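**Q** I have a structure here, written as structure tokens, and I will follow up with some questions on it.
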Amino acid sequence: MAKITLENLAHSYLPNPKGEDDFALKELNHDWVDGEAYALLGASGCGKSTLLNIISGLLHPSQGRILFNDQDVTMAPTTERNIAQVFQFPVVYDTMTVRDNLAFPLRNRGADPAYIKERVQQIAAMIGMEDTLNHKARGLTADAKQKISLGRGMVREDVNALLFDEPLTVIDPHMKWELRTQLKSLHHEFGHTMIYVTHDQTEALTFADKVVVMYDGRVVQMGTPQELFETPEHTFVGYFIGSPGMNVLDAEVNGDKAVLAGTEINLGKGFGPLSGKVELGVRPEFTSLATGDQGLPVTIKRVEDVGRHKIVRADFNGTEVNVLAPEGAEISPDMNRVVFDPAGVNVYSDSWRVAPKGA
Ligand SMILES: Nc1ncnc2c1ncn2[C@@H]1O[C@H](COP(=O)(O)OP(=O)(O)OP(=O)(O)O)[C@@H](O)[C@H]1O
1 MAKITLENLA HSYLPNPKGE DDFALKELNH DWVDGEAYAL LGASGCGKST
51 LLNIISGLLH PSQGRILFND QDVTMAPTTE RNIAQVFQFP VVYDTMTVRD
101 NLAFPLRNRG ADPAYIKERV QQIAAMIGME DTLNHKARGL TADAKQKISL
151 GRGMVREDVN ALLFDEPLTV IDPHMKWELR TQLKSLHHEF GHTMIYVTHD
201 QTEALTFADK VVVMYDGRVV QMGTPQELFE TPEHTFVGYF IGSPGMNVLD
251 AEVNGDKAVL AGTEINLGKG FGPLSGKVEL GVRPEFTSLA TGDQGLPVTI
301 KRVEDVGRHK IVRADFNGTE VNVLAPEGAE ISPDMNRVVF DPAGVNVYSD
351 SWRVAPKGA
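Now the structure itself:
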């Protein structure tokens, strides 16, 4: 297992990049802790695969270094990095049995046959393929083949890191949850450094210790699921993660007060002078509906009952504000205000979170 260091790392696919916009991966400095599970999360085209391919050695970065346990591997080929990879689509040997496919990485390294037998059995149990170990891979469904790919990726215990690139895309939805849970328990058991690329927030949040959120070639936040929920460092993190995402509203902030389209609200914490475009970010979980004259004046547009709670879509001065109401809550037509819980209010300047004074 390895600590992975990304040092001044950046990549452009252009031969002569002029400015930041020409970089698919903008400069990045991080230490990824040995034995942690990371998810790279972001929308299509934000640079996830570019970063993963640099870590795996499929791509050499145009700037900076990558180190495994302080050893520079920037220019080392994939074969020298001692990593296991699982891709979006199955990579299996059709003419081999499931057993031989799973054993392949161990045999390749000259592992002891008794150990191989035991380990293959363990992995087969994990991916639910004990009964098909002697079947040829040819003729199996794409789903089953991808499970073999996952199993093969996980069979070696001595790898520096395990890299997954959207590995559950072809997996049946009900099996996805099971495999994700098994991957997580495998991580607890063996403590591999794992990096898992996905654009699906549920996959990222359930799998990873740390979620690395990417936006437009940049890592905008690396944090635990709780940190991403409570203190999104960038407005993108706020609305990409969460269902519905964070409400983002234009505001003027002065000390511990904010003014939103003429309505003043108390922030419960003070801020220094702010520059640029100032916005408030409040997750629907930290909002409630009220009557009276406190809070933002709104008009309720729609109420969606989603089982465990209700999502109320309201309009504030032309901007949609989403409120999460408890399952049995009565939403009456005279509810014309939205109130924010100050504990859940974040302030942003040019999309980046500003820490309150004294924090
Ligand atoms: N080989 C390439 N040559 C030129 N540009 C590329 C190449 N590969 C990716 N890009 C560009 O780099 C940017 C980042 O792409 P990347 O594939 O890393 O994103 P991603 O987040 O993995 O997206 P997806 O989820 O769609 O795979 C995109 O604008 C993409 O068009």
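Going by UniProt numbering, 198 is the number at position 198 of the sequence shown; the sequence numbering is gapless.
Here a beta-carbon is modelled for each residue, glycine too, at the ideal position from N, C-alpha and C.
Being a predicted model, the structure only gives us computed values, none of them experimental.
Could you pull the start and end residues of the beta strand (DSSP E) that Thr193 belongs to?
**A** Neither: Thr193 is in no beta strand (DSSP E) and is coded neither H nor E.
**Q** Going by DSSP, which residues form a beta bridge with Glu7?
**A** In DSSP, Glu7 forms a bridge with Arg65.
**Q** Taking Gly268 as the reference, which of Ser275, Gly276, Ala258 and Gly262 has the closest Cα?
**A** If we check each option's Cα against that of Gly268, Ala258 comes out closest.
**Q** Apart from the five residues just before and just after Cys46, which ones in its own chain have a Cβ nearer than 7 Å to its Cβ?
**A** Met214, Tyr215, Asp216 and Gly217.
**Q** Does the Cβ of Ala24 lie closer than 7 Å to at least one heavy atom of ligand 1?
**A** Flag set: Cβ of Ala24 near ligand 1.
**Q** Ordered along the chain, which non-local residues of its own chain (more than five positions away) have a Cβ less than 7 Å from that of Lys210?
**A** These residues qualify, in order along the chain: Glu36, Tyr38, Met222, Gly223 and Thr224.
**Q** Report, in whole angstroms, the separation of the C-beta atoms of Ser149 and Val86, which I expect to be a contact under 8 Å.
**A** Between Val86 and Ser149 the Cβ distance is about 5 Å, and since that is below 8 Å, they are a contact.
**Q** Less than 8 Å between the C-beta atoms of Asn266 and Asp256, yes or no?
**A** Yes, Cβ-Cβ distance for Asn266 and Asp256 is below 8 Å.
**Q** Please report how far the alpha carbon of Asn16 lies from the alpha carbon of Ser62, in whole angstroms.
**A** Their backbone Cα atoms lie some 10 Å apart in a straight line.
**Q** My assumption, with CB atoms under 8 Å, is that Ala84 sits in contact with Val197. Please give the rounded CB distance.
**A** Actually they do not touch by this definition, with Cβ atoms about 14 Å apart.
**Q** Check Phe207 in the structure and name its three-state DSSP category.
**A** Three-state DSSP puts Phe207 in a helix.
**Q** Which same chain residues, not among the five before or five after Val303, have their C-beta less than 7 Å away from its C-beta?
**A** If we look at Val303 and ignore the five residues flanking it on each side, its Cβ neighbours are Lys310, Val312 and Ile331.
**Q** Hey, which residues come within less than 6 Å of ligand 1, measuring from Cβ to any heavy atom, in chain order?
**A** Going along the chain, the residues that qualify are Tyr13, Ala24, Gly42, Ser44, Gly45, Cys46, Gly47, Lys48, Ser49, Thr50 and His199.
**Q** Using the rule of at least 16 other Cβ atoms within 10 Å of the residue's Cβ for burial, across every protein chain shown, is Tyr13 buried or exposed?
**A** By the 10 Å Cβ count, Tyr13 comes out exposed.
**Q** Across the segment 88-103 and the segment 180-190, are there enough close Cβ pairs to call them in contact, namely three or more that are closer than 8 Å?
**A** These segments do not touch.
**Q** Tell me whether Pro333 is buried or exposed, calling it buried when 16 or more other Cβ atoms sit within 10 Å of its Cβ.
**A** Under this definition Pro333 is an exposed residue.
**Q** Could you pull out every unbroken beta strand (DSSP E) segment of at least 3 residues lying fully inside the segment 293-354, listed in chain order?
**A** Here the runs fully enclosed are 299-305, 309-316, 319-326, 337-340, 345-349 and 352-354.
**Q** Strictly by DSSP, which residues pair up with Glu130?
**A** DSSP lists no partner for Glu130.
**Q** Rounded to the nearest angstrom, what separates Tyr348 and Glu233 at their Cα positions?
**A** Straight-line Cα distance between these residues: approximately 8 Å.
**Q** Assign Asp31 to one of two classes, buried (16 or more other C-beta atoms within 10 Å of its C-beta) or exposed (fewer than that).
**A** Exposed is the call here.
**Q** With contact counted as at least three CB pairs below 8 Å, one residue from each stretch, are the segment 336-352 and the segment 281-291 in contact?
**A** The segment 336-352, when compared against the segment 281-291, does touch it at the 8 Å Cβ threshold.
**Q** Could you tell me the distance, in whole angstroms, from the CA atom of Thr299 to the CA atom of Gly307?
**A** Each residue's alpha carbon lies about 23 Å from the other.
**Q** Whose C-beta lies closer than 7 Å to the C-beta of Lys26 among residues of the same chain, with five residues either side of it excluded?
**A** Excluding positions up to five away in sequence, the list reads Ala10, Glu20, Gly217 and Arg218.
**Q** How would you call Ala125, buried or exposed, if buried means at least 16 neighbouring beta carbons within 10 angstroms?
**A** Exposed, by the Cβ-count rule.
**Q** Using beta-carbon positions only, say whether Arg81 and Gly110 come within less than 8 Å of one another.
**A** For Arg81 and Gly110, no; Cβs fall outside 8 Å.
**Q** Provide the residue(s) that pair with His30 in DSSP beta bridges, ordered along the chain.
**A** DSSP output for His30 lists Leu6 as bridge partner(s).
**Q** Please report the distance separating the alpha-carbon of Lys3 from that of His187.
**A** Rounded to the nearest angstrom, the two C-alpha atoms are 15 Å apart.
**Q** So what does DSSP say about Ile265, is it helix, strand or coil?
**A** Note: Ile265 maps to strand in three-state DSSP.
**Q** DSSP on Leu186, reduced to helix/strand/coil?
**A** It is helical.
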